[in-house]
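Top line first, the protein sequences correspond to chains A and B. Position 265, counted from 1, in the first sequence is what UniProt numbering calls 265; the numbers after and before it change by one each time, with no gaps. Position 255, counted from 1, in the second sequence is what UniProt numbering calls 255; the numbers after and before it change by one each time, with no gaps. What follows is one structure encoded as structure tokens, with my remarks underneath.
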Amino acid sequence: MSRARADEEEYWHSSKFRAFTFDDEDDELSQLKESKRAVNSLRDFVDNDDDDDDDLERVSWSGEPVGSISWSIKETASSSTSSLEGRDSSLRKGSSSYAAFPRQVSSYSLSSLFKGRNKLPSFQSLSDALSDTGFKNYNPELRRPKAEYKDYSNDWSPKDTVRRMQRGKVCSLERFRSLQDKLVLLDEAVAGHDGNVITAVLIFLKRTLRREILFRELEVRQVALCHLIHFLKETGEQKLLLDLLRFLDRTEEVALSQYREHLNIQDVEKRREFLKGCIGLPFSSEDTSHIQDHYTLLERQIIIEANDRHLETAGQSEIFRKYPRKASILNMPLVTTLFYSCFYHYTEAEGTFSSPTNLKKTFKIPDKQYVLTALAARAKLRAWDDVDALFTTKNWLGYTKKKAPIGFHRVVEILQRNNAPMQVLQEYVRLVEDVETRLNLATKYKCHDVVIETYRDLKDRIQLTAYKCKVERGSAEEDKINSILNNMQIRWKN
Amino acid sequence: MAFAGRRDVPEPPDFGILKRLARDQLIYLLEQLPGKKDLFIEADLMSPLDRIANVSILKQHEVDKLYKVESRPAISASDQFCFLVRPRIKTMRYIADIVNADKMSGRSRKYKIIFSPQKFYACEMVLEEEGVFGDVTCDEWSFYLLPLDEDIISMELPEFFRDYFLEGDHRWINSIARALQLLNSLYGPFGKAYGIGRCAKMSYELWRDLEEESEADGQGRKPEIGNVFFMDRGRLERGGQQARAGQGGAVWAGSLPGGAGRACAGCREQQEVQGGWLQQSRLGRAVAGKEGGQGRSVRAAWAVALVADTDYVTALCSQVVYEGLVDDTFRIKCGSVDFGPDVTSSDKSIKVLLNAQDKVFSQIRNEHFSSVFGFLSQKSRNLQAQYDRRRGMDIKQMKNFVSQELKGLKQEHRLLSLHIGACESIMKKKTKQDFQEMIKAEHSLLEGFDIRESTSFIEEHIDRQVSPIESLRLMCLLSITENGLIPKDYRSLKTQYLQSYGPEHLLTFHNLKRVGLLTEQSAGETLTAVESKVSKLVTDRAAGKITDAFNSLARKSNFRAISKKLGLIPRVDGEYDLKMPRDMAYVFSGAYIPLSCKIIEQVLERRGWLGLEEVVRLLNGNEFSVSGSTSAPG
């Protein structure tokens, strides 16, 4: 036992965290099961009528026991496609009869009824703001109050403009024409803390200033700058965004934001081409190699995919017949690709693109990751010999030994999940170094031999005697326990 | 544990009003478009809407068909379309496409967009650009606050975190201020306001500014909400959704500015830290106990806390109280959860509201998972006994039993079997995932020892492709507790992560670095150089603000110093008694006291920040405390 481990064990024994373990499933679960039985036994009596089930389920318009809003949306979605044709014809009919309707029968605001056309509040449409004064009010009595007129007059200070906009009111920004005025307005907006208003002012500035000047002014206004960058990202104005980032010398962001575009490219060939172009972008050296790997991986996947699809349809290859592929390997992560290649192409020579060793070399996959993945793939195929070979090493004298870059408890876990036969499982449980973990695993998976041998090595007579009741009467295991207990040469510690 | 039995814990104000208000306003808006109409609803508004209205209410107001807003073109014969949406540019384009397609085919319809909770100028700009401005009418549904339970209200704005902390966009601050305005007008002026963090401060200032006009009407009212607590960043909060303060004296409007959870994941917006939220339960009791002891006015002990991402660590640790595990396993959305067939032991799923009305749930929600089994089995024995009483009853007694008790018992029976089913599912899932090992690794990270071992645990977790989100969560916890990863580890974990879960996560890593959740050690010097260079250029009116922009690049976590200062990692001799816990740390099996809760406790106890100067400094300041907040801030 290593020193660190001893420390750690001491810690776990002395500390407060022992109170509850999720591994203690036996005790807790049996308690839970018992409660479940008790409750279920009541079911017959309780379930005779379900009239008050609606405590948990809400009612819908048709009185069906369903009807949350999300539920009925799913319903419309499925029905709308089925009756598509019928709708289409009624749609055409409808369009002719309704075209006669005036377009703006909006009840949006009272004032709109008295105006020549519907006017929605907008802070930035110049034409609207200016032509507003020219409106004829058909009913002079219902003219807007004086204060509202001020919306369109020119005497709001920058501060008041911002305050009004924060309250969702209409304000024309067109009067801020000098650079000085524009900047004061922007600074007021920033000081007002309302991002919505900041963005509104920036939209105005973006429209009325040459970009170099806008960029220059934003460089010293970080908060406003963040808002513009976010706005450009959201509206997808990629070109302007890149120009801005270049101006700011944020080269890494330029690269990342270009690289991000590959997510929108569905066609693999085009995506591969695009990624190739990304390699030269100004990433950090570390990221450049990730991008390079991304490109190489996709390139490989395209080759493997084409080959394997051919193999599969030809029906010549046994493995593809036995285990048809569930999905294409395109755009999958490297580890998934490695798993795939360990599954379908394990025995291939290093020269082929699809062989696991080739992948391992090309992408410098660490031993640990390689072994975990190969193990999972081979265990899934129940190729126990391959599993064996994965861990067997020969020393210079020709003796074989089992070694693993991961803990053997992990190996056991993976084998167990793939229903490995007892003798295979047992062999690896035996290799688990930590005694307590070994005992736990052996007990959990009923590897009796390992349990018995471990207790013998621990010279723990009490535990060994107790274990006798866990093995079958008259079995070889029981004999083994008995012979050990009767062995006079062992100096029991208890 | 129930409210009623505790004198020191006041009844919460009636938050049901918020729901009624929201419903009435929605109905009003729907009536603004008279006649039959189809309603298009944005996906993430559906769960909140479900809590406010049901299909029959919509139907009563002439909603014909319901659709989800998505990129599929709409096929409908209706003459009127109503869109209930978040103010997003993508959605505006979707709507504009529908309108333009109709125009092309000579179809005329009426269109109405209802923005929730408010409209953004940028959205109108898109409508104008697309040439549909004027063809559509716009309205706002001021649905700022959703009561999730008797004692918890939430803004349900998951995008807040990403927008503010990653992109530096202040667009939601106005919404927060308006939500405060709403609370203030409904429940009387707040007794006292405390806050920490820049976002908190800005929200407070904007709210005060909005309030100035409508002053006076609130005067002379009896305050129902005593303390308001604003908090943000500082780096510790259980983000996710809502922070629940349990039976105590606090309302947590956690996701007011919350939503740290859904955070900053990169390319595909996958969630990086799942937002469980329930950790703070003990806080309520702790705080309330003290308030009561000091004999403060009962009503005034109610507090509102606005918590943003103040406490990442809390958000990053595995949850071990019942409600938290239910959230982890089944995902609680707006206070309700879908239990699948494996829980209901039938072939259908059931949607269940998880709140104080559920008598079984309300008793176990805040308990450590280990105490839950005992409770449930006790409860089922009692139930059995009550049913058994019917044996040997005469006709009259039986009649009584059936008419008076049976319904209640049946209800309890159903709840009990649901929660037992849920516990089973949780156990099954957690034992499969080596949860035990994960918790062990988390605890080592919190205590700051055996870092190498935890690092290799994380590495193996990644290599085995266990879960992309859990892997990130552990890496972030490592980064925050250790003040960043050492460069060698950072590189190797990042490389392996990209190999396991996909190279495009390069973008995820970049985003996490920017918000300071996952960083590399010792980039410090270069950064200071850039910072000072830029500072020279700065003419920002509030010059100090530049630092904030850089903070997002170089937030140092100070986790060790803060937890030492506030005693967040309890030193206990012997075993930590989870059934009778001595402090809030029980929510993490005794390993960590949630920072945000501790701060609230401390500040309320001290009635201010006095004596907490060092903590405040470590949290980057911006603290304030204002009493009688209807008067000018001081």
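Virtual Cβ for every residue (Gly too), placed ideally from N, Cα, C.
Here B:E62 has G35, K36, K37 as same chain residues with Cβ atoms under 7 Å from its own Cβ, once five neighbours each way along the sequence are excluded. Annotation for B:E42: no alpha helix (DSSP H) segment contains it, though the beta strand (DSSP E) segment containing it runs 37-42. Between the segment 327-338 of chain B and the segment 446-454 of chain B, the count of C-beta pairs closer than 8 Å stays below three; the two stretches do not touch. Burial state of A:W396 is exposed, judged by a 10 Å Cβ sphere holding fewer than 16 other Cβ atoms.
In the assembly as shown, B:I569 is a buried residue. Its beta-carbon has 16 or more other beta-carbons within 10 Å.
Counting along the chain, the unbroken beta strand (DSSP E) around B:D139 starts and ends at 136-140.
Contact annotation, B:V126 with B:M92: C-beta distance approximately 4 Å; criterion of less than 8 Å satisfied. Counting only unbroken stretches of 4 or more residues, the alpha helix (DSSP H) elements lying wholly within the segment 313-360 of chain B are 322-330, 341-344, in sequence order. With respect to A:E436, A:F408 sits apart: the two C-beta atoms are not nearer than 8 Å. Residue ranges of uninterrupted beta strand (DSSP E) with 3 or more members are absent from the segment 213-260 of chain A; none lies entirely inside it. One alpha carbon belongs to B:K351, the other to B:D338, and they sit about 4 Å apart. B:E520 has B:L485 as its beta-bridge partners, per DSSP. A Cβ-Cβ separation of about 6 Å places B:N366 in contact with B:V321 under the 8 Å criterion. Residues of the segment 196-224 of chain A whose Cβ lies closer than 8 Å to any Cβ of chain B, in chain order: N196, V197, I198, T199, A200, I203, E219, V220, R221, Q222, V223.
B:I113: not part of any alpha helix (DSSP H); member of the beta strand (DSSP E) spanning 110-115, first to last residue. The C-beta distance from B:P503 to A:H294 rounds to 4 Å, short enough to fall under 8 Å. Within chain B, the residues whose beta carbon sits less than 8 Å from that of A:L32 are F373, L376, S377, I420, C423, E424, M427, listed in sequence order. Per DSSP, the beta-bridge partners of B:S154 are B:L146.
In chain order, S35, A38 make up the part of chain A whose C-beta sits under 9 Å from the C-beta of B:R381.
For A:E299, the closest Cβ of chain B is not nearer than 8 Å. DSSP places A:L209 in no alpha helix (DSSP H); its state is neither H nor E. For B:C82, the enclosing beta strand (DSSP E) begins and ends at 80-85. For the alpha helix (DSSP H) assignment, the uninterrupted runs of no fewer than 4 residues enclosed by the segment 292-340 of chain A are, from N- to C-terminal side, 318-322. Taking all protein chains shown into account, B:R162 has 16 or more neighbouring C-beta atoms within 10 Å of its C-beta and is therefore buried. Bridge partners of A:K394 according to DSSP: A:T400. Under the DSSP definition of a beta bridge, B:H368 partners with B:V321. Annotated three-state conformation of A:V170 is coil, per DSSP. A direct Cα-to-Cα measurement between B:A77 and B:Q386 gives close to 57 Å. Between B:L316 and B:C476, the CB-CB gap stays under 8 Å.
Residues of the segment 270-291 of chain A with a C-beta atom less than 7 Å from some C-beta of chain B are E286, D287, H290, listed in chain order.
Proximity of B:A96 to chain A, defined by a Cβ-Cβ separation below 8 Å, is not satisfied. Under the DSSP definition of a beta bridge, B:F133 partners with B:V136.
Judged by DSSP in its simplified three-state form, A:K446 adopts coil rather than helix or strand.
Contact between the segment 388-402 of chain A and the segment 477-487 of chain B is absent: fewer than 3 CB-CB pairs across the two stretches fall below 8 Å.
Excluding residues up to 5 positions away in sequence, C264, N511, R514, V515 lie with their Cβ nearer than 7 Å to the Cβ of B:L166 in the same chain. For A:K368 and A:E273, the gap between their C-alpha atoms comes out near 32 Å.
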